[in-house]
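Peer 1: Would you mind keeping the following structure in view while I ask a few things?
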Amino acid sequence: MIQQTILALAEPRRREILTLIQDQEMSSSAIAAHFDITAPAVSQHLKVLSGTMRCCG
Numbered sequence: 010m011i012q013q014t015i016l017a018l019a020e021p022r023r024r025e026i027l028t029l030i031q032d033q034e035m036s037s038s039a040i041a042a043h044f045d046i047t048a049p050a051v052s053q054h055l056k057v058l059s060g061t062m063r064c065c066g
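See below:
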């Protein structure tokens with residue numbers, strides 16, 4: 010489980026996404042506007058983070 014968390018957080022965009030959403034809920038489109046990636050790509054990152062947090066939280 011710890012290894013999954015480390016691997017998930019190794020992706021810089023995922024760490025930036027966590028920073029963006031730590032104080033407020035945001036749609037994947039709103040998050041994507043901060044990066045040069047699509048909303049579906051953001052959704053995939055969120056899925057990985059969600060799965061990791063569910064395992065460890």
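Read left to right, the sequence shown gives residues 10 to 66 (our numbering).
Quick reminder that beta carbons are idealized off the backbone N, C-alpha and C, glycines included.
Here the structure is a predicted model, which means the values were calculated and not measured.
Where do the N-terminal and C-terminal ends of the alpha helix (DSSP H) with Ala68 fall, by residue?
Peer 2: The structure shown does not extend to residue 68, since the chain spans only 10 to 66, so no value can be given for it.
Peer 1: Expressed to the nearest angstrom, what Euclidean distance is found between the alpha-carbon atoms of Leu18 and Arg24?
Peer 2: Computed Cα separation, rounded: 6 Å.
Peer 1: Kindly indicate which residue of Met62, Asp45, Gln12, Met10 has the alpha-carbon position closest to the one of Arg22.
Peer 2: Among Met62, Asp45, Gln12, Met10, the Cα nearest to that of Arg22 belongs to Asp45.
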